[in-house]
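**Student:**
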Amino acid sequence: MNLRITGGKFGSRILKSAPTLRPATDKVRKAVFDILGNKVIDTKFLDLFAGSGAVGIEALSRGAAHAVFIEKDRSHYNLIKQNLKLLNIKEATVRLMRVEDFVLANRATYDVIFAAPWYDDALDITGWEDLLADEGVLVIEYRSSAKPPRNPNLRIINQKRYGDTSLAFYTRA
Numbered sequence: 001m002n003l004r005i006t007g008g009k010f011g012s013r014i015l016k017s018a019p020t021l022r023p024a025t026d027k028v029r030k031a032v033f034d035i036l037g038n039k040v041i042d043t044k045f046l047d048l049f050a051g052s053g054a055v056g057i058e059a060l061s062r063g064a065a066h067a068v069f070i071e072k073d074r075s076h077y078n079l080i081k082q083n084l085k086l087l088n089i090k091e092a093t094v095r096l097m098r099v100e101d102f103v104l105a106n107r108a109t110y111d112v113i114f115a116a117p118w119y120d121d122a123l124d125i126t127g128w129e130d131l132l133a134d135e136g137v138l139v140i141e142y143r144s145s146a147k148p149p150r151n152p153n154l155r156i157i158n159q160k161r162y163g164d165t166s167l168a169f170y171t172r173a
């Protein structure tokens, strides 16, 4: 399966994917960036559970200054690197590690964070507020039949549903 960038300087470019991935659809990715609007420009963007890297690459396409991709699966990690090379993107860092380990080890903050965990994962977002810049936004994709993850230090400012997929937008509480 191939993925298409929906906007920005790489708009309509095709990325590689893998049958083992459940990437955010073009419709959901476009919706995320339409909602975020100019909040992406000149930001540090964090793509958790990055898969193919499509969301972080979309952020770079739409003006993010730098993107960090966190992926625990080596084949998906390599796929992200291939997609970045395909578009000659240098403003990126790709880390091969579990999101849980990254959250514990990380000391940087990010302006925009996107997380699309496997739907059967019980997502614990404890400590994620430490990843978020003061005016930052966290977007989590989750199954529409589930409730959005909760964290007392984050508040939900927006929720959207797209069929079986829902999005929750958070800021610091």
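Sequential numbering from 1 applies to the sequence shown in the UniProt record's numbering. Ideal placement from N, C-alpha and C gives every residue a C-beta, glycine not left out. None of these values were measured; they are calculated from a predicted model.
Jot down the residue ranges of each uninterrupted beta strand (DSSP E) in the region 6 to 76, minimum 3 residues, whole runs only, in chain order.
**Tutor:** For the region 6 to 76, whole beta strand (DSSP E) runs of length 3 or above, ordered along the chain, are 14 to 16, 44 to 48, 66 to 71.
**Student:** Kindly confirm or deny that the region 101 to 120 and the region 34 to 47 touch, where touching means at least three C-beta pairs closer than 8 Å.
**Tutor:** yes
**Student:** Quick one: any contact between the region 50 to 68 and the region 10 to 26, if contact means 3 or more CB pairs under 8 Å?
**Tutor:** yes
**Student:** For Leu84 and Phe10, which I take to be in contact (beta-carbon distance under 8 Å), what is that distance rounded to the nearest angstrom?
**Tutor:** Not a contact, Cβ separation roughly 11 Å.
**Student:** Given Val55, which residues of its chain have a CB within under 8 Å of its CB, disregarding the five upstream and five downstream residues?
**Tutor:** Ala24, Arg29, Val32, Asp47, Phe114, Ala116
**Student:** Tell me whether the beta-carbon of Ser144 lies closer than 8 Å to the beta-carbon of Thr165.
**Tutor:** Closer than 8 Å, so yes.
**Student:** Tell me the residue span of the beta strand (DSSP E) that contains Asp134.
**Tutor:** 132 to 143
**Student:** Look at Tyr162 and Leu138 and say whether their C-beta atoms are less than 8 Å apart.
**Tutor:** no
**Student:** Please report the distance separating the alpha-carbon of Asn78 from that of Ala59.
**Tutor:** 19 Å
**Student:** Using 8 Å for Cβ pairs, my map puts Asn153 next to Glu129. What's the rounded Cβ distance?
**Tutor:** 4 Å
**Student:** Let me confirm a value: residue 218 is counted as buried when at least 16 other C-beta atoms fall within 10 Å, else exposed. Which label applies?
**Tutor:** In the structure as shown, the chain begins at 1 and stops at 173. Residue 218 is therefore absent and cannot be evaluated.
**Student:** Label Ala168 either buried or exposed according to how many other C-beta atoms from any shown protein chain fall within 10 Å of its C-beta, with 16 as the threshold for buried.
**Tutor:** buried
**Student:** Kindly indicate the opening and closing residues of the beta strand (DSSP E) around Asp111.
**Tutor:** 110 to 115
**Student:** For the candidate residues Glu71, Ser75, Lys72, Ile35, whose alpha-carbon lies nearest to that of Arg62?
**Tutor:** Ile35
**Student:** Taking C-beta to C-beta, are Ala65 and Glu91 nearer than 8 Å?
**Tutor:** yes
**Student:** Are Ile157 and Pro149 closer than 8 Å when you measure CB to CB?
**Tutor:** no
**Student:** Of the choices Ile57, Phe102, Gly127, whose alpha-carbon is the least far from that of Gly7?
**Tutor:** Ile57
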